[in-house]
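Here's the structure, in structure tokens; my notes come after.
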Ligand code: ATP
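Residue numbers (my numbering): 223 to 433.
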């Protein structure tokens with residue numbers, strides 16, 4: 223016969239395992255290259271939602287931007303690693319790079335959830351993406367698996383037909399496109415990307431006109 227305290231321990235244990243007990247933010251992107259806008263949004267969401275960690279997840283091949291000039295996935299991964307190295311809240315998530323092919327968020331989250339059902343995921347997206355959620359693969363199923371967190375982006379609306387938790391962060395008008403253009407025109411990107419990313423870009427001569 224079980225004692226009262228044994229029963230109580232079991233009930234508490236069941237409660238603990240039923241309730242998601244790790245809260246993880248995911249910032250998916252091409253990171254071609256990572257810039258200060260990415261770091262600021264990740265930090266603001268992590269802080270304001272009290273997340274345990276925020277993972278930067280480079281895609282293998284973005285589903286919506288096939289025409290975009292991309293560089294080797296390994297360079298994008300290396301730059302993300304350098305960009306987040308000094309921040310204990312930030313981690314690298316390689317799920318999509320490892321899987322390869324088109325990176326559909328639904329597939330990725332499904333796989334992550336299967337491995338770690340106890341984790342509650344917060345998927346962080348910029349205002350430009352929020353506007354296109356209706357085009358995402360299996361979006362109606364995806365909204366049941368994650369909480370979308372939106373960050374305002376200059377020039378984009380803050381409305382959505384899907385549930386989005388908006389987090390108030392400073393508007394940062396930096397984009398990877400802008401960074402690539404500046405470099406290809408011989409302009410500086412100092413203070414727009416972390417110094418370690420600027421060094422990596424120079425060392426590997428990325429985005430220069432000859433590439
Ligand atoms: P590109 O200019 O090449 O399209 P990007 O600057 O949008 O790139 P991504 O790696 O595609 O960078 O973005 C990853 C995520 O970060 C996306 O959800 C995007 O909306 C968001 N994001 C990027 N920059 C900002 C910014 N300055 N403000 C708010 N959200 C941003």
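By construction, the Cβ of each residue, glycine as well, lies at the ideal position given by its N, Cα and C atoms. Fair warning: this is a prediction, and the values are worked out from it, not measured in the lab.
Legend entry - Inter-residue Cα distance where the pair is residue 243 and residue 340: Along the chain shown, read from residue 1 onward, the residue named residue 243 stands at position 21. Along the chain shown, read from residue 1 onward, the residue named residue 340 stands at position 118. When rounded, the distance between both Cα atoms is 6 Å.
Inset, instruction - Leaving out five residues on either side along the sequence, give the residues of the same chain with a beta carbon under 7 Å from the beta carbon of residue 293. - result: Here residue 293 refers to the residue found at position 71 of the chain shown. Contacts found: 254, 428.
Inset, instruction - Assign residue 279 to buried or exposed, taking buried as 16 or more other Cβ atoms, counted over all protein chains shown, within 10 Å of its Cβ. - result: As a position in the chain shown, residue 279 is number 57, starting the count at 1. When all chains shown are included, residue 279 counts as buried.
Legend entry - Element boundaries [beta strand (DSSP E), containing residue 407]: Here residue 407 refers to the residue found at position 185 when the chain shown is read from its first residue. Counting along the chain, residue 407 falls outside any beta strand (DSSP E), and DSSP gives it neither H nor E.
Inset, instruction - For the alpha helix (DSSP H) holding residue 427, just list the boundary residues, first then last. - result: For the purposes of this step, residue 427 is taken as residue 205 along the chain shown, with counting starting at 1. Run containing residue 427: none; DSSP gives neither H nor E here.
Legend entry - Length of the line joining the Cα atoms of residue 269 and residue 416: In the chain shown, counting from the first residue as 1, residue 269 sits at position 47. In the chain shown, counting from the first residue as 1, residue 416 sits at position 194. Rounded to whole angstroms, residue 269 to residue 416 spans 20 Å at the Cα level.
Legend entry - Straight-line gap, residue 272 to residue 424 (C-alpha atoms, nearest Å): As a working mapping, residue 272 is identified with position 50 in the chain shown. As a working mapping, residue 424 is identified with position 202 in the chain shown. Roughly 36 Å separates the two Cα atoms.
Inset, instruction - For residue 346, I'd like the list of residues in its chain whose CB is within less than 6 Å of its CB, leaving aside the five on either flank, ordered along the chain. - result: Residue 346 sits at position 124 when you count from the first residue of the chain shown. Taking C-beta separations shorter than 6 Å and ignoring five residues to either side along the sequence, the partners of residue 346 in its chain run 247, 249, 267, 371, following chain order.
Legend entry - Buried/exposed call for residue 431, threshold 16 Cβ in 10 Å: Here residue 431 refers to the residue found at position 209 of the chain shown. So residue 431 counts as exposed.
Inset, instruction - Let me know the secondary structure DSSP gives residue 349 once reduced to three states. - result: Translated into the one-based positions of the chain shown, residue 349 becomes position 127. Residue state, collapsed to three classes: helix.
Inset, instruction - Return yes when the C-beta of residue 375 is under 7 Å from any heavy atom of the ligand ATP, and no when it is not. - result: Taking the chain shown and counting its residues from 1, one reaches residue 375 at position 153. True, at least one ligand heavy atom lies under 7 Å from that Cβ.
Inset, instruction - For residue 337, name the three-state secondary structure that DSSP assigns. - result: In the chain shown, residue 337 corresponds to position 115, counting from 1. Residue state, collapsed to three classes: helix.
Inset, instruction - Mark residue 387 as exposed unless 16 or more other C-beta atoms lie within 10 angstroms of its C-beta, in which case mark it buried. - result: Along the chain shown, read from residue 1 onward, the residue named residue 387 stands at position 165. Exposed, by the Cβ-count rule.
Inset, instruction - Measure from the alpha carbon of residue 359 to the alpha carbon of each residue in 316, 414, 311, 327, then state which is nearest. - result: Locating residue 359 in the chain shown gives position 137, where the first residue counts as 1. Minimum Cα distance to residue 359 is reached at 327.
Legend entry - Close beta carbons around residue 434, own chain, < 6 Å, minus the five adjacent residues each side: No statement about residue 434 is possible, as the shown extent of the chain runs from 223 to 433 and does not include it.
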